[in-house]
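To start, the structure itself, in structure tokens.
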Amino acid sequence: MMHNDSNGLASDDIRQQMADLEIEDDQIPSPMAFAGWHSKPPPVPKLKSAGVIAIDITEQFINAAQQLDDGELVKDPFFALFDSVGALEIMDPKMDSGYLEPGETMEDEYDFSQPLLPEEIIGIIDQLLCHEMAWHMGHPLAQTLFTSLYVDRLLDPCPTSLSHLYFDRSESCEDEPLTLQVLKAYCLGLIKTCCYVNNRVKAEHYYEEEDFVTHTFHRNLLENFENNDILTLIQESLEQISNSNDILPEVKAALECRLRFREAFLTTAEIAESRTSSETIKTQWESLQALLPTLKSSTKLGKPVPASFSVKLQRKLASTVPPRPIVHISLDTAYDHLERLCRDGSIAAEVLKYYDSHSLMTFVFLFQARKPQPSIYIRTLLQHYLFGDMVILGTMSIRQLLDDDLSSTVLPANKILDRANDEVELPSDPRFKMANDTEVFRSRAAGSYLDILRTICQNRCRIRRTLARTVADFEILQLDSEELDMELRQYTQEEPIRDREISSEPIYSFPLSSWAYFYKLRQMEWLLQMGFELEIYQQDELASMFWYLQYLAKTRSRHLERIRGFNVRGFNESRRNPAAVGERHAEFINALAFINYSSLEASATYGFADALSCLFTVLRRLSLIHSPPRPYSNDQQRYEVRMKPFRLVGLPELVPFDELKRQVTQPGETTLDLLKYAAESAMAAKKAFEVMSKLSARDAFCQGSYDSWLKNIKDTLKACIFTGITIATVKKAVETTAKNGKVQIKVEIPATGKGYHDWWVVPKVIPVL
Amino acid sequence: MASETNLEAETKSPVLSLLKESSGTLPAELRYIQYSHSLEKQYLPSIRALISKDLSEPYSIYVYRYFLYQWGDLCFMALSPTTAYTSPKLIGVIISKLEPHTPPSHSSPTTLRGYIAMLAVSSTYRNHGIATTLVRKAIDAMIERGADEVVLETEETNVPAMKLYERLGFLRSKKLHRYYLNGNSAFRLVLHLKAVEEMTGNNEEEI
Numbered sequence: 227m228m229h230n231d232s233n234g235l236a237s238d239d240i241r242q243q244m245a246d247l248e249i250e251d252d253q254i255p256s257p258m259a260f261a262g263w264h265s266k267p268p269p270v271p272k273l274k275s276a277g278v279i280a281i282d283i284t285e286q287f288i289n290a291a292q293q294l295d296d297g298e299l300v301k302d303p304f305f306a307l308f309d310s311v312g313a314l315e316i317m318d319p320k321m322d323s324g325y326l327e328p329g330e331t332m333e334d335e336y337d338f339s340q341p342l343l344p345e346e347i348i349g350i351i352d353q354l355l356c357h358e359m360a361w362h363m364g365h366p367l368a369q370t371l372f373t374s375l376y377v378d379r380l381l382d383p384c385p386t387s388l389s390h391l392y393f394d395r396s397e398s399c400e401d402e403p404l405t406l407q408v409l410k411a412y413c414l415g416l417i418k419t420c421c422y423v424n425n426r427v428k429a430e431h432y433y434e435e436e437d438f439v440t441h442t443f444h445r446n447l448l449e450n451f452e453n454n455d456i457l458t459l460i461q462e463s464l465e466q467i468s469n470s471n472d473i474l475p476e477v478k479a480a481l482e483c484r485l486r487f488r489e490a491f492l493t494t495a496e497i498a499e500s501r502t503s504s505e506t507i508k509t510q511w512e513s514l515q516a517l518l519p520t521l522k523s524s525t526k527l528g529k530p531v532p533a534s535f536s537v538k539l540q541r542k543l544a545s546t547v548p549p550r551p552i553v554h555i556s557l558d559t560a561y562d563h564l565e566r567l568c569r570d571g572s573i574a575a576e577v578l579k580y581y582d583s584h585s586l587m588t589f590v591f592l593f594q595a596r597k598p599q600p601s602i603y604i605r606t607l608l609q610h611y612l613f614g615d616m617v618i619l620g621t622m623s624i625r626q627l628l629d630d631d632l633s634s635t636v637l638p639a640n641k642i643l644d645r646a647n648d649e650v651e652l653p654s655d656p657r658f659k660m661a662n663d664t665e666v667f668r669s670r671a672a673g674s675y676l677d678i679l680r681t682i683c684q685n686r687c688r689i690r691r692t693l694a695r696t697v698a699d700f701e702i703l704q705l706d707s708e709e710l711d712m713e714l715r716q717y718t719q720e721e722p723i724r725d726r727e728i729s730s731e732p733i734y735s736f737p738l739s740s741w742a743y744f745y746k747l748r749q750m751e752w753l754l755q756m757g758f759e760l761e762i763y764q765q766d767e768l769a770s771m772f773w774y775l776q777y778l779a780k781t782r783s784r785h786l787e788r789i790r791g792f793n794v795r796g797f798n799e800s801r802r803n804p805a806a807v808g809e810r811h812a813e814f815i816n817a818l819a820f821i822n823y824s825s826l827e828a829s830a831t832y833g834f835a836d837a838l839s840c841l842f843t844v845l846r847r848l849s850l851i852h853s854p855p856r857p858y859s860n861d862q863q864r865y866e867v868r869m870k871p872f873r874l875v876g877l878p879e880l881v882p883f884d885e886l887k888r889q890v891t892q893p894g895e896t897t898l899d900l901l902k903y904a905a906e907s908a909m910a911a912k913k914a915f916e917v918m919s920k921l922s923a924r925d926a927f928c929q930g931s932y933d934s935w936l937k938n939i940k941d942t943l944k945a946c947i948f949t950g951i952t953i954a955t956v957k958k959a960v961e962t963t964a965k966n967g968k969v970q971i972k973v974e975i976p977a978t979g980k981g982y983h984d985w986w987v988v989p990k991v992i993p994v995l
Numbered sequence: 713m714a715s716e717t718n719l720e721a722e723t724k725s726p727v728l729s730l731l732k733e734s735s736g737t738l739p740a741e742l743r744y745i746q747y748s749h750s751l752e753k754q755y756l757p758s759i760r761a762l763i764s765k766d767l768s769e770p771y772s773i774y775v776y777r778y779f780l781y782q783w784g785d786l787c788f789m790a791l792s793p794t795t796a797y798t799s800p801k802l803i804g805v806i807i808s809k810l811e812p813h814t815p816p817s818h819s820s821p822t823t824l825r826g827y828i829a830m831l832a833v834s835s836t837y838r839n840h841g842i843a844t845t846l847v848r849k850a851i852d853a854m855i856e857r858g859a860d861e862v863v864l865e866t867e868e869t870n871v872p873a874m875k876l877y878e879r880l881g882f883l884r885s886k887k888l889h890r891y892y893l894n895g896n897s898a899f900r901l902v903l904h905l906k907a908v909e910e911m912t913g914n915n916e917e918e919i
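Protein sequences, first through last, are from chains C and P.
Numbering of the first sequence is given in our numbering, commencing with residue 227 and proceeding in unit increments.
Numbering of the second sequence is given in our numbering, commencing with residue 713 and proceeding in unit increments.
Right, dumping it as structure tokens:
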């Protein structure tokens with residue numbers, strides 16, 4: 227993309243030069259070689275560190291080197307790949323940032339006293355905006371904003387006061403021209419905005435270099451200066467522009483609009499940090515966005531000043547990194563990114579309005595699934611809203627959130643969660659013990675639960691990879707919770723269900739481990755589904771992957787049945803007690819509503835996945851999907867690679883390969899029977915998605931993100947309908963060409979982003995004429 | 713020797729791209745030879761030149777030596793035919809390593825893991841299956857030394873490379889966000905050479 231420019235430089239000449247250098251490199255220098263440079267070895271460096279004595283080892287080194295054969299290498303056992311990748315070759319222009327071409331100077335000779343046209347200020351400001359957005363997109367400051375000589379001038383040396391800060395450091399600078407004052411005010415506002423962004427990203431969970439580069443190369447981004455002082459400077463510049471008579475009105479307006487934009491962006495960055503009011507934050511982002519059209523339309527007035535940006539500044543910043551090109555993104559790309567930042571920032575703030583724990587998770591999930599995914603700054607702001615200072619959404623304790631979730635799934639109106647238990651001081655009292663055990667559980671489970679939310683806040687690739695870890699964590703949590711469940715039922719006097727049809731053993735509810743199991747299954751499904759989105763699976767794996775998805779969704783559905791059984795029993799008992807009041811009933815009704823919703827969603831998922839699994843199996847039977855020869859691997863080994871994240875999961879146990887193969891290929895079924903079954907499954911799923919699409923936000927547990935939720939369901943529904951059509955087309959093709967043996971269709975599998983929903987890979991069938 | 717933990721995944725790499733590659737007829741008299749340190753002077757400059765061509769940023773000599781000095785026998789070169797007037801010309805190269813790998817979380821057993829670090833074929837010789845032959849030679853050499861698995865990364869946009877590896881049996885195991893310096897993402901590709909239960913993490917000499 228942007229670094230490819232440097233590829234072109236590897237001309238034959240340079241390569242030849244490099245090759246020549248290499249041959250000389252192989253020679254171990256003899257004492258004579260040193261003689262060519264100096265009459266005697268350079269003096270021992272003066273080290274001024276207590277306890278360190280420097281010794282000249284030149285002679286020993288040369289003697290040792292002479293013991294080696296020509297070309298012999300000695301490798302230090304601790305010299306690792308990392309060291310080798312970090313190493314540079316001095317005097318190689320592509321690696322050595324200090325290398326100077328003949329006649330080249332180390333520093334730029336830029337004249338900061340030169341007057342600039344107002345149009346040039348617009349040009350520089352717009353270029354700075356491109357650099358700022360490129361940094362937001364993940365490029366280092368050294369290749370973006372820090373290539374500006376004006377920005378560099380303000381940060382090096384580190385300023386101590388704003389009032390005596392001038393680009394032109396000559397003595398006659400008191401009369402700083404208006405244009406430079408405007409540029410200075412803008413730059414200071416820009417740098418301070420970056421300071422907020424950088425600090426926010428650094429404070430949250432993100433991946434350095436992958437998501438963002440927080441490295442400031444030892445420059446201070448005006449950390450110690452007050453926002454107000456910078457905003458005052460911007461205000462003063464605004465006043466001076468409006469008083470000025472020698473600037474064209476449209477140019478004047480363009481400069482004013484840029485200063486107002488910067489003022490608004492800086493204010494937004496400050497206000498976005500507060501978690502008190504989502505409305506204030508939303509308004510702020512919206513007013514920032516409202517400035518963009520004027521900004522955009524006046525871009526054409528700008529005159530670029532390319533000389534005020536220099537790739538050479540990197541030499542001052544980091545000497546151990548190869549010189550890297552300035553990143554150039556277009557203004558359109560920059561405005562697009564900025565517009566999205568405003569939109570996403572405004573929506574992210576809506577998370578602060580809490581409805582219930584499930585709606586919260588739905589919100590985060592759907593927000594992160596926006597396309598393109600919200601940028602890292604917004605994603606870290608969201609994390610800040612969610613967990614900043616270990617206070618959920620700025621108002622709730624972690625316990626409150628966790629208890630909300632437990633009571634709306636497995637423990638509605640249950641005495642285990644009764645806050646009054648905390649007040650009991652008698653250690654022999656069962657309520658004391660309950661409070662104790664529940665607290666043990668909370669301290670164990672809270673981190674795991676919050677990790678689900680935090681995982682969803684990562685970039686899409688990391689979500690999938692991290693889920694593999696959180697699934698393993700929930701596996702252990704489930705096992706740990708089983709012990710607590712058994713202990714707790716001594717204190718709750720839980721009566722088991724006795725049902726000979728299900729089991730001869732008494733059946734206990736195991737609420738805490740049930741809860742952990744539910745979330746483990748959810749995460750296993752998401753992990754599989756992220757694999758579809760990220761195009762991890764090969765075409766001939768799709769049948770198995772959809773089979774596994776329906777297997778997991780079915781398992782969840784059965785598990786929810788179990789939970790429902792206990793909730794219904796509890797509800798019935800509670801209703802028999804006339805003393806039970808509305809609040810307890812509401813808790814039961816709410817938990818049952820959630821179980822119903824999740825069951826509906828699970829059944830839609832397994833129906834749809836089952837249909838696709840059968841369809842892909844048919845396509846393989848018809849040789850419309852091919853498998854590569856794969857001389858180095860077999861099905862069993864590839865299955866182990868694919869299922870690695872689930873290898874250590876005890877429940878549900880990994881389906882053995884032979885069993886999976888039988889289930890997926892269904893050798894006992896005819897192709898037409900498979901298609902019939904697929905059509906029925908797709909139809910059942912379609913009905914379930916239709917029912918879902920008519921639910922209220924409350925019943926679908928998507929309060930606060932209903933519109934995104936509905937769009938997601940509708941996209942899934944479209945994919946499901948399209949699957950039905952594909953199945954019918956294949957069926958027709960099979961029926962009509964059964965005699966000559968070859969079906970007259972071909973299959974295309976849409977890439978991610980090209981289908982109706984990235985989690986549902988639906989093949990497209992095209993007739994072959 | 714000190715082994716790095718999953719360093720491949722943690723280090724930003726310049727992009728190594730491999731353009732069109734498909735099986736076809738090989739030019740006659742093409743020679744494949746295994747690298748050894750004694751060949752450094754003769755071939756390292758052209759190896760570097762061939763590989764740097766597709767890199768956004770060159771690797772230092774230490775990167776090449778890191779691999780070639782320790783695992784020269786897992787590195788293979790394709791050489792064009794020699795005539796009376798020309799010396800053999802390097803047209804393709806594969807550079808790999810093989811060492812015990814312990815997953816960070818100890819969730820899986822230690823394996824003897826092969827890693828294909830670099831693969832390049834001169835553009836005029838592409839489409840003749842040279843890269844496939846080089847990869848097969850590297851994998852064969854790893855198998856001989858008891859490798860349990862082979863991994864590598866490839867740029868998400870490099871469809872020919874992914875096809876090449878997937879034809880041999882590799883699967884994509886994960887996607888790595890913005891893995892390369894140019895901002896492109898990568899796929900990690902994995903090939904298990906044994907059933908997980910039989911993976912020992914040992915190489916033959918230690919058995």
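Glycine included, every Cβ here is placed at the ideal spot set by N, Cα and C.
Within the model, the alpha-carbon separation for residue 285 (chain C) versus residue 291 (chain C) is close to 10 Å. Going by C-alpha positions, residue 833 (chain C) is about 22 Å away from residue 764 (chain C). Among the residues facing chain P, residue 311 (chain C) is included, as its CB has a counterpart in that chain under 8 Å away. For residue 840 (chain P), no chain C residue has a C-beta closer than 8 Å to its own C-beta; the minimum C-beta separation is roughly 18 Å. Secondary structure at residue 971 (chain C): strand, using DSSP grouped into helix, strand and coil. Under the DSSP definition of a beta bridge, residue 993 (chain C) partners with C:971. What residue 987 (chain C) touches in chain P, judged by beta-carbon distance under 9 Å, is nothing: the nearest beta carbon there is about 14 Å away.
Membership of residue 824 (chain P) in the beta strand (DSSP E) is indicated by the continuous run 823-833. Beta-bridge analysis with DSSP links residue 622 (chain C) to C:618. When secondary structure is reduced to three states using DSSP, residue 603 (chain C) falls in the helix class. Between the segment 524-537 of chain C and the segment 346-354 of chain C, the count of Cβ pairs shorter than 8 Å is three or higher; the stretches touch.
In this structure, the CA atom of residue 417 (chain C) is about 47 Å from the CA atom of residue 867 (chain C). The three-state reading of DSSP puts residue 480 (chain C) in helix, counting H, G and I together. For residue 526 (chain C), the closest of C:545, C:557 and C:549 by C-alpha to C-alpha distance is C:557. A Cβ-Cβ distance of about 5 Å is found for the pair residue 969 (chain C) and residue 963 (chain C), placing them in contact under the 8 Å criterion. The C-alpha of residue 419 (chain C) is placed about 47 Å away from the C-alpha of residue 917 (chain C). By the neighbour-count criterion, in which a residue is buried when 16 or more other Cβ atoms sit within 10 angstroms of its Cβ, residue 302 (chain C) is exposed. Note on residue 899 (chain C): under 16 other CB atoms within 10 angstroms of its CB, so exposed under the neighbour-count rule.
Residue 775 (chain C) sits close to residue 831 (chain C), with the two beta carbons spaced by under 8 Å. Shown here for residue 926 (chain C): same chain residues with a beta carbon closer than 7 Å to its own, the five before and five after excluded, namely 823, 918 and 935 in chain order. By the Cβ test, the segment 575-583 of chain C is in contact with the segment 495-504 of chain C, since at least three Cβ pairs between them sit closer than 8 Å. Put simply, the CB of residue 321 (chain C) is near chain P, with a gap under 8 Å to one of its CB atoms.
Residues of the same chain with a CB within less than 8 Å of the CB of residue 424 (chain C), apart from the 5 flanking positions on each side, are 440, 442 and 447 in chain order.
For the alpha helix (DSSP H) assignment, the uninterrupted runs of no fewer than 4 residues enclosed by the segment 302-371 of chain C are, from N- to C-terminal side, 307-312 and 344-362. Burial is judged here by how many other beta carbons sit within 10 angstroms of a residue's own beta carbon; residue 838 (chain P) has at least 16 and is buried. The C-beta of residue 617 (chain C) has fewer than 16 other C-beta atoms within 10 Å across all chains shown, which makes the residue exposed. The C-beta separation of residue 828 (chain C) from residue 760 (chain C) comes to about 23 Å, leaving the pair out of contact by the 8 Å criterion. Following the DSSP letters along the chain, one finds residue 789 (chain P) inside the beta strand (DSSP E) bounded by residues 788-791.
Scanning C:817, C:605, C:309 and C:850 for the CA closest to the CA of residue 993 (chain C) turns up C:850. A direct Cα-to-Cα measurement between residue 904 (chain C) and residue 870 (chain P) gives close to 35 Å. Boundaries of the alpha helix (DSSP H) harbouring residue 697 (chain C): 686-718, taken from the DSSP string.
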